[in-house]
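According to the numbering used here, the sequence shown is numbered sequentially starting from 769.
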Amino acid sequence: MQYSFTCPTRGCNFSVRVDTQSDDWAVEKIIEVSSVHDKQAHPNLPSMTVQQIRNIVFSDVKERVRI
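Below you can see the structure in the form of structure tokens.
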């Protein structure tokens, strides 16, 4: 399945797409890629706990099933 995530920061058009079989693995990969983006594009964002980051990704991730 493919999963996509778009940065929720207003005015940011960054998005990431991963191809994986597991929701949990998709979230981990999205967090990994997005953390690099956040450090470069949004250095002034407040720090968040890992759980807060996961909650944001889980709430915004979109799943596409391959046919």
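Backbone N, C-alpha and C define an ideal beta-carbon position, used for all residues, glycine too.
* Whole-angstrom Cβ separation of residue 799 and residue 829, contact assumed at under 8 Å? -> Taking a contact as a CB-CB distance under 8 Å, the pair residue 799 and residue 829 does not count as one, their CB atoms being some 10 Å apart.
* How big is the Cα-Cα spacing for residue 809 and residue 793? -> 24 Å
* Pull up the distance between the alpha-carbon of residue 813 and that of residue 786, whole angstroms please. => 24 Å
* For residue 808, which beta-bridge partners are listed by DSSP? -> In the DSSP output, where bridge partners are listed per residue, residue 808 has none listed.
* Asked: Just curious, the beta strand (DSSP E) that residue 784 is in, first and last residue?
  -> For residue 784, the enclosing beta strand (DSSP E) stretches over residues 783–787.
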